[in-house]
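Here the sequence shown stands for residues 2 to 289, where the numbers follow this note's numbering.
Just so it is clear, CB atoms sit at the ideal spot from N, CA and C, and this is done for glycine as well.
Keep in mind it's a predicted model, so treat the numbers as computed, not measured.
Encoded as structure tokens, the structure appears first; notes follow it.
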Amino acid sequence: MEESISKTDVLSKRSKFAYSIGNVLNDITTSMWFSYILLFYNRVVTLTNVSAGYLLLIGQIADALSTIFVALTCDRTRTGLFHYEKRKTWHLIGVICVLISFPFLFNLCIGCQHSKLWVKFIYYAVFIIIYQFGWVCSHVVHLAMINELTHIEGERVALNSYRIAWNFVSNIFLFTMASILLGLSATSDQSSITPADAPLFLKLTFIVVGFGLICMIIFHIGLKESNQTTEEREYHLKLISTSNRKLKQMTWKSFLCEKEFYQCAFIWVCARVVLTVTVDTTIENQQE
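So, in structure tokens, the structure goes:
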């Protein structure tokens with residue numbers, strides 16, 4: 002039994018590669034979201050600074066609420082849709098939501114370019130909520146799959162490392178394409194962003210989504226969610242329960258008493274705020 006289980010726990014190179022790019026669509030779209038969303042809504046869509054900030058806030062609130070819903074619901078789901086694998090069904094739902102919503106986030110308001118501010122606000126808010134829900138579906142499920150793909154600690158660390166590596170690749174790809182496309186918007190001072198640059202942002206969006214879509218296809222075709230038998234799963238559950246008997250079981254309320262929880266949250270929020278504000282203020286100073 003132990004020999005057969007160890008063999009099933011060692012993933013093939015194909016499976017590792019497929020898993021490693023399973024979050025690329027999320028990585029590259031969220032990087033574009035935090036880096037350029039305020040700039041686009043303020044300079045291209047010509048929303049006020051306050052309205053653009055509220056749209057970003059709505060996205061983060063939708064992200065938080067969706068994370069709780071998806072995490073609880075996904076674990077309680079026993080089978081996938083149309084006999085598809087359970088986790089990958091949720092991941093696919095997330096991918097579809099991201100694909101159909103993200104292009105609208107970086108495009109002028111269709112049919113309402115000359116409408117009132119509140120109309121544009123609601124228009125973008127709807128697509129932002131859809132995008133954030135889809136992003137959470139893919140992100141949470143992709144992380145959760147690590148523990149189901151293998152029980153070997155070294156394999157889990159490797160999968161997470163590959164995943165992070167592709168995060169860096171996605172960011173490099175995004176900023177390279179952005180510098181090329183936005184650098185071609187030959188305005189007089191080579192630095193200002195205006196509503197005339199809307200086609201460039203839309204083109205960048207399609208490049209980003211296209212790259213992510215290719216990676217998602219490889220992920221869903223190249224990775225099987227789990228090939229362990231019921232007997233093997235029960236064996237692992239016994240091992241886990243035995244090793245964790247002396248460990249304190251934590252509830253969601255217990256995390257609120259852990260200082261590390263607040264430290265991670267504080268660092269993450271500060272990093273995102275600094276990145277978003279820095280990009281916008283840098284371009285503002287360049288234009289002045």
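Checklist entry - Where does residue 190 sit, in a helix, a strand or coil, going by DSSP? => result Within the sequence shown, numbered from 1, the residue matching residue 190 stands at position 189. Caution applies to residue 190, whose pLDDT of 44 falls short of 50 and renders its modelled position unreliable; the value that the coordinates give is listed next. Of the three classes helix, strand and coil, the one that applies to residue 190 here is coil, per DSSP.
Next on the checklist: On the DSSP letters alone, give me the boundaries of the alpha helix (DSSP H) that residue 85 sits inside.
Outcome noted: On the sequence shown, position 84 is the one that residue 85 refers to. Per DSSP, residue 85 belongs to no alpha helix (DSSP H) and is neither H nor E.
Next on the checklist: So for residue 61, helix, strand or coil by DSSP?
Outcome noted: Taking the sequence shown and counting its residues from 1, the one referred to as residue 61 is at position 60. If DSSP states are grouped into helix, strand and coil, residue 61 belongs with the helices.
Checklist entry - If we call anything under 7 Å between Cβ atoms a contact, is residue 164 one with residue 255? => result Residue numbering aside, residue 164 sits at position 163 when the sequence shown is read from its first letter. Residue numbering aside, residue 255 sits at position 254 when the sequence shown is read from its first letter. Contact flag unset, no.
Item to check | Pick from 36, 43, 140 and 92 that is closest to residue 118, judged by C-alpha positions | outcome: Walking along the sequence shown from the start, residue 118 turns up at place 117. Measuring from the Cα of residue 118, the nearest candidate turns out to be 43.
Item to check | Length of the line joining the Cα atoms of residue 123 and residue 90 | outcome: In the sequence shown, residue 123 corresponds to position 122, counting from 1. In the sequence shown, residue 90 corresponds to position 89, counting from 1. Whole-angstrom Cα-Cα distance: 29 Å.
Checklist entry - Can you tell me whether residue 179 is buried or exposed, with buried defined as 16 or more other CB within 10 angstroms of its CB? => result For the purposes of this step, residue 179 is identified with residue 178 of the sequence shown, where counting begins at 1. With 16 or more Cβ atoms within 10 Å of its Cβ, residue 179 is classed as buried.
Checklist entry - From residue 193 to residue 184, what distance separates their C-alpha atoms? => result Your numbering for residue 193 matches position 192 in the sequence shown. Your numbering for residue 184 matches position 183 in the sequence shown. Using only the alpha carbons, I get a separation of about 10 Å.
Next on the checklist: Tell me the rounded alpha-carbon separation between residue 79 and residue 87.
Outcome noted: Within the sequence shown, residue 79 is the residue found at index 78, counting from 1. Within the sequence shown, residue 87 is the residue found at index 86, counting from 1. Per the coordinates, the alpha-carbon of residue 79 lies some 7 Å from the alpha-carbon of residue 87.
Item to check | Assigned secondary structure, residue 14 (DSSP; H/G/I helix, E/B strand, else coil) | outcome: Numbered from its first residue, the sequence shown carries residue 14 at position 13. The answer is helix: DSSP assigns residue 14 an H, G or I state.
Checklist entry - Just to confirm, are residue 50 and residue 203 a CB contact at a threshold of 7 Å? => result Within the sequence shown, residue 50 is the residue found at index 49, counting from 1. Within the sequence shown, residue 203 is the residue found at index 202, counting from 1. Result no, Cβ atoms of residue 50 and residue 203 do not sit closer than 7 Å.
Checklist entry - Among the residues of its own chain, which have a CB less than 7 Å from the CB of residue 217, if the five just before and after it don't count? => result Working through the sequence shown from its first residue, we reach residue 217 at position 216. Closer than 7 Å at the Cβ level, and outside the excluded window around residue 217, lie 26 and 96.
Item to check | Where residue 46 sits in the DSSP three-state scheme | outcome: The residue given as residue 46 occupies position 45 in the sequence shown. The answer is coil: DSSP assigns residue 46 none of H, G, I, E or B.
Checklist entry - Do the region 125 to 139 and the region 67 to 77 make contact, defined as three or more Cβ pairs closer than 8 Å? => result yes
Checklist entry - How long is the line joining the alpha carbons of residue 100 and residue 205, rounded to whole angstroms? => result Mapped onto the sequence shown, residue 100 falls at position 99. Mapped onto the sequence shown, residue 205 falls at position 204. Computed Cα separation, rounded: 14 Å.
Item to check | Assumed close pair residue 160, residue 17 - CB separation to whole angstroms, cut-off 8 Å | outcome: Mapped onto the sequence shown, residue 160 falls at position 159. Mapped onto the sequence shown, residue 17 falls at position 16. So it is a contact: roughly 7 Å between Cβ atoms.
Next on the checklist: Can you list, in chain order, the residues of its chain with a C-beta nearer than 7 Å to that of residue 53? Leave out the 5 residues immediately preceding and following it.
Outcome noted: Taking the sequence shown and counting its residues from 1, the one referred to as residue 53 is at position 52. Cβ neighbours of residue 53 beyond the five flanking positions: 39, 42 and 43.
Item to check | Contact under 7 Å by Cβ, residue 72 with residue 141 | outcome: For the purposes of this step, residue 72 is identified with residue 71 of the sequence shown, where counting begins at 1. For the purposes of this step, residue 141 is identified with residue 140 of the sequence shown, where counting begins at 1. For the pair residue 72 and residue 141, the CB atoms are nearer than the 7 Å cut-off.
Item to check | From 104, 208 and 207, residue whose alpha carbon lies closest to that of residue 131 | outcome: Translated into the one-based positions of the sequence shown, residue 131 becomes position 130. It is 104.
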